[in-house]
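Reviewing the structure listed below.
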Amino acid sequence: MPRGQHIPRNVAIATHPDMCQTGAEVAELKRILQEGGIQNVFCGSIHSDELLEIIKKHTCNVLIALGGDGTMMRAARLAAPYEMPVLGINLGHFGFLMEIQRQDWSTLLPQFIRGKYSIEERVLLNVEQWRDGKILGKWLAVNDAVVSRGQLVRPISISAKVEGYELASYVADGLIVATPTGSTAYAMAVGGPIMPPELRNILIIPIAPHRSLAHGIILSEGTCVTLSVQSSHQAVLSVDGQTPHNLENGDEVKINLSEHNSKFVRLHEPGYFYRNLINSMIKNSYRDGES
Numbered sequence: 009m010p011r012g013q014h015i016p017r018n019v020a021i022a023t024h025p026d027m028c029q030t031g032a033e034v035a036e037l038k039r040i041l042q043e044g045g046i047q048n049v050f051c052g053s054i055h056s057d058e059l060l061e062i063i064k065k066h067t068c069n070v071l072i073a074l075g076g077d078g079t080m081m082r083a084a085r086l087a088a089p090y091e092m093p094v095l096g097i098n099l100g101h102f103g104f105l106m107e108i109q110r111q112d113w114s115t116l117l118p119q120f121i122r123g124k125y126s127i128e129e130r131v132l133l134n135v136e137q138w139r140d141g142k143i144l145g146k147w148l149a150v151n152d153a154v155v156s157r158g159q160l161v162r163p164i165s166i167s168a169k170v171e172g173y174e175l176a177s178y179v180a181d182g183l184i185v186a187t188p189t190g191s192t193a194y195a196m197a198v199g200g201p202i203m204p205p206e207l208r209n210i211l212i213i214p215i216a217p218h219r220s221l222a223h224g225i226i227l228s229e230g231t232c233v234t235l236s237v238q239s240s241h242q243a244v245l246s247v248d249g250q251t252p253h254n255l256e257n258g259d260e261v262k263i264n265l266s267e268h269n270s271k272f273v274r275l276h277e278p279g280y281f282y283r284n285l286i287n288s289m290i291k292n293s294y295r296d297g298e299s
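Counting in the working numbering, the sequence shown runs from 9 upward without gaps.
Next comes the structure, spelled out in structure tokens:
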């Protein structure tokens, strides 16, 4: 989307309730936005019902996620069904999904206020848990859906079907189904490929496979993946690293691309994705070497 065409007038700031240091940060952010001409600034917890109502009614033009990547992912899941753009401002440690880092407020916030930004659309996953022909739960995923073993350190058997046809059977600690956004998260940690964020593909990659297919598989847009588990011990489903849901033998987890896309406010040029990724990997490698 061309830059400079969408000057924000009303903004909502969503914060993580457990980040006790955000009070002063929110006040400063609100001051900068209002002095720059933003008419209305709502501030609230990312978990509040009031924030959800504001998003639903389009009372704000842009949702600002103030925190870390977890806050950004929840904000994206909340905003996507209402086609609301999300701007990430990092207060966490990693903040790879965030567009503005702590040291960049003074230069990038005025650019945002003037409408000098673009909107990057990224796919989301639609994740459903089924049992005996009935749906037990439905979620949106920014990064991934993971079917894995529970607390016992034993592999589980996972069957993966694509459009009803057997793709592969795995004996592994788990299986990750990821978006291109999620390819730089858990999937990358287990050796998966890095995918450009604008792609509309699904990545499948196993976690610690035992005598099973060890390579990742990239599926085309429009594909539906169905996972089922056979295990004598606990197996779980986790979406974007949230609280896991227990899986029983015979349960099916159906995953495809959602009809909704997340809309990220971008103030950098597209190549910034790769520079940010490489810089983050170098910094983490350095920290690991120090510890």
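Even glycine gets a Cβ: it sits at the ideal position worked out from N, Cα and C.
Look at the stretch 163 to 207 and you find these whole runs of alpha helix (DSSP H), each 4 residues long or longer: 194 to 197. With a contact defined as Cβ atoms closer than 8 Å, T23 and I54 qualify at about 6 Å. Between V185 and I263 a beta carbon distance of about 5 Å is seen, short of the 8 Å cut, so the two are scored as contacting. Looking at the DSSP output, D152 sits in a beta bridge with A186. Approximately 5 Å separates the beta-carbon atoms of N151 and D248; this is inside 8 Å, confirming the contact. For G78, the uninterrupted alpha helix (DSSP H) segment begins and ends at 77 to 87. Setting aside the 5 residues that flank it on each side, E256 is surrounded in the same chain by R139, each with a C-beta closer than 7 Å to its C-beta; the list follows chain order. In the DSSP assignment, W147 forms a beta bridge with V135. Around the beta carbon of S228, fewer than 16 other beta carbons sit within 10 angstroms, so the residue counts as exposed. By the Cβ neighbour-count rule, I143 is exposed, with fewer than 16 other Cβ atoms within 10 Å of its own. The beta carbons of L275 and L116 sit closer together than 7 Å. Per the DSSP secondary-structure output, I212 pairs in a beta bridge with V185, I225. When Cβ pairs closer than 8 Å are counted between the two stretches, the stretch 148 to 165 is seen to touch the stretch 239 to 253, the count reaching three or more.
Per the C-alpha coordinates, the member of A20, Q238, R39 positioned closest to S56 is A20. Scanning its chain for C-beta atoms nearer than 8 Å, with the 5 sequence neighbours on each side dropped, one finds around L60 the residues L86, in chain order. Contact fails between the stretch 41 to 51 and the stretch 97 to 114, because fewer than three Cβ pairs, one in each stretch, are under 8 Å apart.
Spanning the alpha carbons of G78 and V179 requires a straight line of approximately 30 Å. It is roughly 20 Å from the alpha-carbon of H218 to the alpha-carbon of P201.
Distance between Q238 and G230, taken at the CA atoms: about 27 Å. For N264, the pairing in a beta bridge is given by DSSP as N134.
For T115, the enclosing alpha helix (DSSP H) covers residues 113 to 121. If you look at I97, you'll find it in the beta strand (DSSP E) that goes 94 to 98.
With fewer than 16 other Cβ atoms from the protein chains shown falling within 10 Å of its own Cβ, T67 counts as exposed. As summarised for the stretch 34 to 67, the continuous beta strand (DSSP E) elements at least 3 residues long and confined to that stretch are 48 to 53, given in chain order. Apart from the 5 residues on each side of it in sequence, S191 sits with its Cβ closer than 8 Å to the Cβ of G200, P201, I202, M203, L211 in its chain, given in chain order.
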